[in-house]
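Student: In the numbering used here, the protein residues as written are 689 to 1077.
Glycine residues also receive a C-beta, built at the ideal position from the N, C-alpha and C atoms.
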């Protein structure tokens, strides 16, 4: 059961060989979160990863955060580090799958399914070395059974896989790239599928998409969003979120907005795609720092329950927010709302719509697919062309 399975339909209306109108619809229902209403906390925790096919670990962790805040639980520093590592591992597996499957397929190259399988298996097995008996996390934090030697060995194996199949140079060296010329040289000299895909798209002119200028990251103030998610207009906001009536983005391009390589690239498509590579290289280094924090204090603290809670995590696709209300007597879920990256990144009046309006019909489907890949590659899509009128 994956009611939260996500797919967008992109409809491009053509007139005189140009795109005159862009319509973006998503099959992600805000009602999916409401299936958790009337459930106990334990039932909701078990159901959440089954409801949402994208970023299941991040969804579960956002839910745990929301429940813990509502109940007044403050997890230990060690548990917080474990949870960061789980989300980081999920993000790494997702990045690798897109870079070694979606990118080459769109560039007419064969995907590297063996590496995808190996990396996802490694990322998925972290849990077995974090919790006792490999059990699932729970509100307040499941008992830890840290096997640091195995965890560190997993990270080394992941780093070796990334260098061999994606970067071709040490991750730290890739993160030092800071100019268009340096990036071009990396693309032209690296035998990896992502580099070959980028070179193919540049030669074919497919990166020439008329994106709006990148705007700096907008601060997502949790207090303001919580107030909106508690209000009567929550569902309409979730469907088309905005900041001061302006669509915003979340995800790798926003996380890496100030990286020297990203700021040096004049082509926005290239900047968006490069941000995914920078994000992945940085992620491996972040995981090493997270592992260092696993041996911190494990004591759980408890404050007064307020029966309302917000969970906010940074998934691979961007900011993910869960908001929950509990019944004070029974702790049954009264209200549940989720604000996901899909609605930010695929806003009907957002970057994708602006990028494709007035685009030429020549190679349109391929350019539209690359635009989606550059914006948010994790989501499924269907591209439809229709005559205006």
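(1) Count the other CB atoms within 10 Å of the CB of residue 1006; is the residue buried (16 or more) or exposed (fewer)?
(2) To test your reading of the DSSP string, which unbroken beta strand (DSSP E) runs of 3 or more residues are found completely within the stretch 760-842?
(3) Locate the beta strand (DSSP E) running through residue 878, then write down its first and last residues.
(4) I'd like to know if the stretch 1024-1032 and the stretch 923-939 are in contact, where contact means that at least 3 CB-CB pairs between them fall below 8 Å.
(5) Considering only residues of the same chain and omitting the five flanking positions on each side of residue 689, which have a CB-CB separation below 6 Å?
(6) Are the Cβ atoms of residue 795 and residue 878 separated by less than 8 Å?
(7) For residue 923, name the three-state secondary structure that DSSP assigns.
(8) Counting Cβ pairs closer than 8 Å, one from the stretch 753-772 and one from the stretch 847-863, do we hit at least three?
(9) Let me know the secondary structure DSSP gives residue 1045 once reduced to three states.
(10) How close, in whole Å, do the beta carbons of residue 728 and residue 1020 come, if the pair is a contact with beta carbons under 8 Å?
(11) For residue 1072, does the count of other Cβ atoms within 10 angstroms reach 16, so buried, or fall short, so exposed?
(12) Along the chain, where does the alpha helix (DSSP H) containing residue 969 start, and where does it finish?
(13) Whole angstroms is fine: what's the gap from residue 762's alpha carbon to residue 748's?
(14) Applying the criterion that 16 or more other CB atoms from any shown protein chain within 10 Å of the CB defines a buried residue, is residue 967 buried or exposed?
(15) Looking only at DSSP bridge pairs, what is residue 1023 linked to?
(16) Taking the C-alpha atoms as reference points, what is the distance between residue 983 and residue 822?
(17) Can you look up residue 694 in the DSSP assignment and give me helix, strand or coil?
(18) Grouping DSSP H, G and I as helix and E and B as strand, with all else coil, what is residue 689?
(19) Do you know offhand how far residue 958's Cα is from residue 895's?
(20) Between residue 1067 and residue 696, which are expected to be in contact by the criterion C-beta below 8 Å, what is the C-beta distance as a whole number of angstroms?
(21) Using the three-state DSSP reduction, which class does residue 1071 fall into: helix, strand or coil?
(22) Leaving out the 5 sequence neighbours to the left and right, which residues in its chain are closer than 6 Å to residue 791 when beta-carbon positions are compared?
(23) Would you kindly work out how many angstroms separate the C-alpha atoms of residue 837 and residue 778, rounded to a whole number?
(24) Looking at the secondary structure, which residues open and close the alpha helix (DSSP H) in which residue 1061 lies?
(25) On the DSSP letters alone, give me the boundaries of the beta strand (DSSP E) that residue 729 sits inside.
(26) Going by DSSP, what residue range makes up the alpha helix (DSSP H) through residue 859?
Tutor: If we stick to the structure as given:
(1) Buried, since its Cβ has 16 or more Cβ neighbours within 10 Å.
(2) For the stretch 760-842, not a single whole beta strand (DSSP E) run of length 3 or above is found.
(3) Per DSSP, residue 878 belongs to no beta strand (DSSP E) and is neither H nor E.
(4) Contact annotation: the stretch 1024-1032 touches the stretch 923-939, with at least three C-beta pairs closer than 8 Å.
(5) Any reading at residue 689 must be qualified, since the residue scores a pLDDT of 44, below 50, and its modelled position is unreliable; the value itself is stated next. Within the same chain, 738 come within 6 Å of residue 689 by CB-CB distance, once the 5 residues on both sides are set aside.
(6) No, Cβ-Cβ distance for residue 795 and residue 878 is not below 8 Å.
(7) Residue 923 falls in the helix class under three-state DSSP.
(8) No contact exists between the stretch 753-772 and the stretch 847-863.
(9) Residue state, collapsed to three classes: coil.
(10) Contact check for residue 728 and residue 1020: beta-carbon distance about 6 Å, within the 8 Å limit, so the pair qualifies.
(11) By the 10 Å Cβ count, residue 1072 comes out exposed.
(12) 956-980 is the extent of the alpha helix (DSSP H) around residue 969.
(13) Rounded to whole angstroms, residue 762 to residue 748 spans 17 Å at the Cα level.
(14) So residue 967 counts as buried.
(15) For residue 1023, which the question treats as bridged, DSSP gives the partners 1013.
(16) Inter-residue distance for residue 983 and residue 822 is about 18 Å (C-alpha atoms, whole angstroms).
(17) The answer is coil: DSSP assigns residue 694 none of H, G, I, E or B.
(18) Because residue 689 carries a pLDDT of 44, less than 50, the predicted location of this residue cannot be relied on, and the following value inherits that uncertainty. In the structure shown, residue 689 sits in coil (DSSP, three-state: anything other than H, G, I, E or B).
(19) Using only the alpha carbons, I get a separation of about 7 Å.
(20) Confirmed, about 6 Å.
(21) Note: residue 1071 maps to strand in three-state DSSP.
(22) These residues qualify, in order along the chain: 882, 885.
(23) Going from the Cα of residue 837 to the Cα of residue 778 covers about 20 Å.
(24) Following the DSSP letters along the chain, one finds residue 1061 inside the alpha helix (DSSP H) bounded by residues 1052-1063.
(25) From DSSP, residue 729 is part of no beta strand (DSSP E) but of the alpha helix (DSSP H) over 729-739.
(26) 859-863 is the span of the alpha helix (DSSP H), which, as asked, contains residue 859.
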